[in-house]
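Student:
Protein chains in written order, with the working numbering: chain A, 10 to 484; chain B, 10 to 484; chain C, 10 to 484; chain D, 10 to 484.
Right under this line is the structure:
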């Protein structure tokens, strides 16, 4: 997998019948945000019940009867895919018992002071059972001095926890949804029947026929109780500085989602248009790498006035189990996922448009396939700037050594990819494709300018190693 | 599911190392032709070994080690999806023992004299263990008078079996691939390493890096032995009348396959172009129903000179297990598979292009979704003529009562679908989108003109009931 | 596994509500007769439904809802355990379609002319899908000349089929139970609620609270229809010569079953008594190898007036999956199933009593364990004569090369087993432990005197090779 | 299930190759101590790897490759069976991270101050993820003041933890085995190859061919490091007061185990003898309820000079999955596990001997079955005194309302069971059947005299409710 990995999708359901089914359907719509594991925790006001499992929703809940998860409050979580050993113990939502009772936690994002906090709390006698950020947060919440605060969770998140987070906390009778003061990750509020739904992306609302109300604001905390919804800010409102993750628009979010004030598909079409304007070229056909490159390719073709065509067909049956029965040797030789339609490219000057270019391994094979099919020229256009820096806020890019653009000039990359030309959109072109002020986005992975102070060394190291403590083998 | 069902994909591999892995990868590329069950049978020259399972390849072979299927000759089969009880006993390839030894049979198509033959053979003492056509064929082959013929299989298929068939027969040391004299279903020959591969569609060759040699001819039988390939015709060549199933181009085959002398994607683009010319209309945007409608929409938009855009996003995680944990009630209310990108259609005159329109149930919901998103007008354009007649050659359309066009006028359908206009391509427009002579295609499902005499009543009835004998419950 | 293998248990249920549950419970009581696979076929008068699976009942029907098998007629089958590749296609009851309609067949025993018949029918055009005897029988039944007979099944079994068989045939509205004219294998009739139950052993009736009526006679065929039960004999009654398998008493049947006119436990106690009388010896303690040796040891201890004690504890959790995760190397070194209670044997003269001694491998380890625990002397007493000849009637002994007594004198065996003395019961002692005339038992495995003419060479060879045609891999 | 439930078996392996396989085999031998779940944690000196699962070992590790658990140090745990919802999160060994690094904990027993400690630690900010005692212990260990102690674990267990415990703690390079100062639960030390094995019962050593060295003493803590084994006591040795759980001898432990200075089988034979002497009776036959009653019945028959016979056959295939496919209605009517051999009891005066009599439900059915088979009289003899009081040290008896003897006189019970006489052994008879001083055993469940002060109300309540916090559904 050459693509970066998102770190999860979260769902909260409050005061809706069959809350677990609603959560399940929302998670289905958010499946693209995490395929490693899935979990739902539900409360009927008295009892809290959970079900978790590894893999896609359809695996994790295979043959499961959702009516076993009774209640009108639920939280759900889908987690990203790792290539290494699976870690059932990290599957979210975590459920923990502290002095305030049971709490379920679902988290999207990445904390930048997790390890420092963990060491500090361990030194004071805390014990840890997972390697997740979320467990650290509950330890902070459980500290007697923090429990005593009138707004326990808001206080902890606003004053002790740093980094990127969209959180759902579920108690027996209460639900809390919070977004970090930078608003790195999306989080939206919807209305369904008698109650409310909170989800990482608005496609979850479309899936269940809920009405989209609004995005939760950066730094905002919504508390759902029998008395209704209460909105607060976890830090002073005037200190809030949005830094929306632009890569959500470029790659992660579904095109049909509305996040950070824009429809993703529209932003991507704009990216394609701006890209075409920045790097005009004459060619016979514009071909997207499906599905990620489709929106940008439509914009590109339109702005460049070059016909759009489909030159790749994607096999929709490719899944994680595919490689299982076939030996590595042979599977490497073959194009598992994309197949070229030969006579779309034969004797043509071809422009390929993908969403991004991180490692380049797959792209090299795709270019080769297009050339083998008889293309005269192949030009690659990328609607995001070159990736050169790590993300500390929840995206698991390749390591720096694997980031193609961090190690090579454009010319070198053209040579490596055996391509006639490679062009990226500029930072300006990128930011001008959206509707919000340019300084409301985080572009650290392109520029190295991080909106928060860097994670302390410990935390960064921890981030790298966080799987190393215990390997729990699933089967 | 509103869409018709194809009855299978077949693969044969001769004299290739790790033949079972090659077959598996080919079947992966042919997965769209059948998702109910999958099976591979392999021979190492001495022993024949098989593995079959229900569901997608990834289910049927989950955790399976393909190296257990040793040998250089293999045949594989993917079977279409039924909605009723699964029938493990019908999973192909069948393996049967008769006087000539063990034979494995993989079949795509539908025989029109199966029931008559079955009754005849039962009356002579034959016993049956499946309700498949393929078992009938082996009974015919096993008849002592037929065994005695110099070309046992060719004789039986040419003189006793009627209908549509692309067959692979695998013996310990021999493989035979045959296509019926009408060539209803596609079947192609490829070259890989030291040997050969036969597959329903050429995408199987792309998957494994095999070289496409040519299509097997209607009525042609290829015999693969240690001495090489022998080509024969099972009836007099001058009696061969091609009737390629045009619906393979319209719907079944993958766009990147080359069948019946054309690349499917090109045919579909032509369909879109001809459709646009036959029914010109002014609109703001052309929107495909993905993925089936994409190729035709590209052609349509181009010919109509109206911008193409993507207004639907398809959830790629929808699978058969999805409905499992969610109760029917709620799932019916929601749009499981396609979601509208609202601002693509808002305040627009929209043209929707799908591949075909059989029952109309899903289309009705999609149209509603587009209207709800604020479209001013919605026009539907279908790049194949109205379906009015049953297929006896391997396609499982809805029953006539469910075929929308068989029961309603265009105007009625516009009313039912709550759409501003509905137009179909003409038979001429359809046939002119391909490169072969117009009379080389079967268009019976549109015209009612069947290239073969109709199945005897018995067989037709049998076709309807063929599941009724025994229900084998899987789990 | 050193022990011989029984070839199955059969069950038939006629006109009882929830027939599939009744069959399941009966099969549970007969599980000792077969652990490789299990299947149930049920008829509701119109539709026939089946469910089969590999392994123990609890595996084969894991998570299965028996209410899916609707009807008041059922037949069930448990099949013996093989060590080689599993063969799902041979799982019984077979269900086949012939000119008389669907028939389900459950078979316990072994036919001695199966291969000859198979070759004959293949030469006449029959095709085979399994390597079971039962399929051969249905081919014979399906022959038009045989179908025309007033008593199709009785005629075929009486005049064309040779060997050992207890059969259940189930049709839509009819059930037939037959026992071969020698009565090699047990088969009994019981009454439950509104209908009847037929089972290999009476313990099945105890399990469901059915009333035991009587054993079905050798050569008797019972036909269950709406008009009641009809009894016939498949050959002339005066030609019937019982040859009950004495090894059912010695080893196979459950001690609480009543077969061949005796309670098995009582026969085994008599075997122990007669053995003690034939080979008197002074010792401190009599120790059974549980569970098989318990009944005989009780009789032995009583007749010899030596205290009985338990010196071995059997681990009840040993199952087929046990060896799965542990490497062969280590598991061979350990005593998986039986553990010695050391101070029961320390400094004692010990008499061990098992049910039989076939290969001797396990016994050698048990003797060693007893010696290691400090026994002064170890004497082995076996309540059946030495096994020297193969069985053609349904018992899968080790091959002759593995039959210890076929290759070694008593003295040699004492040496091999490192035992102080080994004694077997005599043929007379064996036969005098039962209530029926001595010539009503088959003792061929001890004496080499076979009650039927030997299987033709073909069949015998076939018996040895019958797995070789097709290997169907389960997972 | 009428029988009380043991709360687990533990295993520790130090410095032995393939430690996980050794642990697995030991757990196999200890499977009778817990069937709800199983887990193994292993260390290779650097990395700690775990695998856990629900059900029997063979389920929990089905298809699992133990070589994935690499290392020479391992700890394993089997957990008792609950009837309610399974709780994967409580599966042991727990693995937790605290300031000293990762520690795996396997526990047999029950703490009496767990809830008080839990509340205390929660009030100080601790969070809990399971409802196990073991997690409480690690919180105590992790307290900075306790970490600072030279003997962290010994200090905590000796001074802060109360109740019954046999613990294994595993670190990366170290293993610790401890037994509480009362020695309620057994724990033994063995030698294997280059290292050591610790296990709840000595049968684990027999399983792997390890040499039994000695029992770990009450209050003793063994620390295994590269420098060897160190033995310490966690409280002053002169304050140690053994109170061995006598019910281990009566019921829990395997007869072939050596615990508390005696072989269990010998103790049980003595119980039978003493019981026969205390309550002499004339009868025809002594019949054990297998397998639990066998040892005592042998002693009883010998002392009473009445013949022993087997009148019940136990179906060895009964497992937890059995009831799955059969509806409750029918299964209640049938005798699932024990079947009477009718002619052993017909017209006889029968003495039944079981190991204990807790609820009486099953016994009532067994007595009825014996009467139905024609017994003249049925007398029941129980080799342990009547159960009247709850156990706080690790045995999950029925609730007091279900304890037959707590609510009824002997005469009433005779009436309820429809039995001719019922007699229990006396406390003296019980204690005189063992070799240790009478005051070295805990007999609280018979006498109400508890060796430790009673659990505080909180803990007792917690014990009752400890599943109620979170229900984690497995499938």
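Positions of the beta carbon are idealized from the N, C-alpha and C atoms, including for glycine.
Is it buried or exposed, residue 17/B, if we count other Cβ atoms within 10 angstroms and call 16 or more buried?
Tutor: So residue 17/B ends up on the buried side.
Student: Between which two residues does the alpha helix (DSSP H) harbouring residue 352/C extend?
Tutor: Here the alpha helix (DSSP H) through residue 352/C covers 351-354.
Student: With DSSP collapsed to three states, give me the class of residue 452/C.
Tutor: In this structure, residue 452/C counts as coil in the three-state DSSP scheme.
Student: Determine, using beta carbons only, whether residue 347/C comes closer than 7 Å to chain D.
Tutor: No, because no Cβ of chain D sits closer than 7 Å to the Cβ of residue 347/C.
Student: Quick one: what's got a C-beta closer than 7 Å to residue 92/B's C-beta in the same chain, skipping five residues either side?
Tutor: With a pLDDT of only 39 at residue 92/B, under the threshold of 50, the placement of this residue in the model should not be trusted; the figure read from the coordinates follows. If we look at residue 92/B and ignore the five residues flanking it on each side, it has no Cβ neighbours.
Student: Taking all protein chains shown into account, decide if residue 444/A is buried (16 or more other Cβ within 10 angstroms of its Cβ) or exposed.
Tutor: So residue 444/A counts as exposed.
Student: Identify which residue in 254/C, 109/C and 77/C has its Cα closest to the Cα of residue 456/C.
Tutor: The shortest Cα separation from residue 456/C among 254/C, 109/C and 77/C belongs to 254/C.
Student: Are residue 175/B and residue 260/B close, meaning C-beta to C-beta below 7 Å?
Tutor: Cβ distance not < 7 Å, so residue 175/B and residue 260/B don't count as in contact.
Student: In chain order, what residues of the region 120-134 of chain D put their CB closer than 7 Å to some CB of chain A?
Tutor: So the close ones are 131, 132, 133 and 134.
Student: Which of helix, strand or coil does DSSP assign to residue 297/C?
Tutor: Here residue 297/C sits in strand by DSSP.
Student: Residues in the same chain with beta-carbon distance under 6 Å from residue 10/C, minus the five sequence neighbours each way, listed in chain order, please.
Tutor: Annotation note: pLDDT 38 at residue 10/C (below 50); position unreliable, no value reported.
Student: When you check each C-beta in the region 256-275 of chain D against every C-beta of chain C, which residues fall closer than 7 Å?
Tutor: Correct list: 263, 264, 265, 272, 274 and 275.
Student: Just list the beta strand (DSSP E) runs in the region 183-233 of chain A, keeping only unbroken ones of 3 residues or longer that don't cross its boundaries, in chain order.
Tutor: Listed in chain order, they are 184-188, 197-201, 204-208 and 220-224.
Student: For residue 61/D and residue 177/D, I'd like the C-alpha separation in whole angstroms.
Tutor: Going by the C-alpha atoms only, they are around 16 Å apart.
Student: Closest Cβ-Cβ distance between residue 83/A and chain D: below 7 Å?
Tutor: By this cut-off, residue 83/A is not an interface position.
Student: At the level of alpha carbons, what is the spacing between residue 122/A and residue 67/B?
Tutor: Taking the straight line joining both Cα atoms gives about 41 Å.
Student: Quick one: is residue 363/D near chain C, going by C-beta distance under 7 Å?
Tutor: No, residue 363/D does not count as interfacial toward chain C.
Student: For residue 153/A, which residues of its own chain have a beta-carbon under 8 Å away from its beta-carbon, when the five flanking residues on both sides are left out?
Tutor: Excluding positions up to five away in sequence, the list reads 108.
Student: Does the distance from the CB of residue 89/D to the CB of residue 144/D come in under 7 Å?
Tutor: Contact: no.
Student: Count Cβ pairs between the region 237-249 of chain B and the region 183-195 of chain B that sit closer than 8 Å; are there 3 or more?
Tutor: Output reads yes: the region 183-195 of chain B touches the region 237-249 of chain B.
Student: Using beta carbons (cut-off 7 Å, strictly below), is residue 69/C in contact with chain B?
Tutor: Residue 69/C does not count as touching chain B.
Student: With burial defined as no fewer than 16 other Cβ atoms inside 10 Å of the residue's Cβ, what is the status of residue 368/A: buried or exposed?
Tutor: By the neighbour-count rule (16 or more Cβ atoms within 10 Å), residue 368/A is buried.
Student: Does residue 303/A have its Cβ less than 7 Å from a Cβ in chain B?
Tutor: Closer than 7 Å to some Cβ of chain B, the Cβ of residue 303/A qualifies, so yes.
Student: Looking at chain A, which residues of the region 138-152 of chain D have a Cβ within less than 7 Å of any of its Cβ atoms?
Tutor: Flagged, chain order: 138, 147, 148, 151 and 152.
Student: Skipping 5 residues on each side, what residues in its chain have a beta carbon closer than 6 Å to that of residue 322/C?
Tutor: Excluding residues within five positions, the ones whose Cβ falls inside 6 Å are 348.
Student: How would you write the range of the alpha helix (DSSP H) that residue 29/A sits in, first residue to last?
Tutor: It spans 28-38 - the alpha helix (DSSP H) in which residue 29/A sits, taken as one unbroken run.
Student: So is residue 107/D in contact with chain A if we call contact Cβ pairs under 7 Å?
Tutor: By this cut-off, residue 107/D is an interface position.
Student: Give the interface partners of residue 38/D over in chain C, defined as CB-CB distance under 8 Å, in chain order.
Tutor: Here the neighbours are 324 and 348.
Student: Would you grab the beta carbon distance between residue 20/A and residue 294/A for me? Rounded to a whole angstrom, and I think it's under 8 Å.
Tutor: No, residue 20/A and residue 294/A are not in contact; Cβ-Cβ is about 41 Å, not under 8 Å.
Student: What's the call for residue 257/A, buried or exposed, on a 16-neighbour Cβ count within 10 Å?
Tutor: It counts as buried.
Student: Work out the CA separation of residue 318/A and residue 286/B for me, nearest whole Å.
Tutor: So the two alpha carbons sit approximately 19 Å from each other.
Student: Which residues does DSSP list as the beta-bridge partners of residue 386/D?
Tutor: In DSSP, residue 386/D forms a bridge with 358/D.
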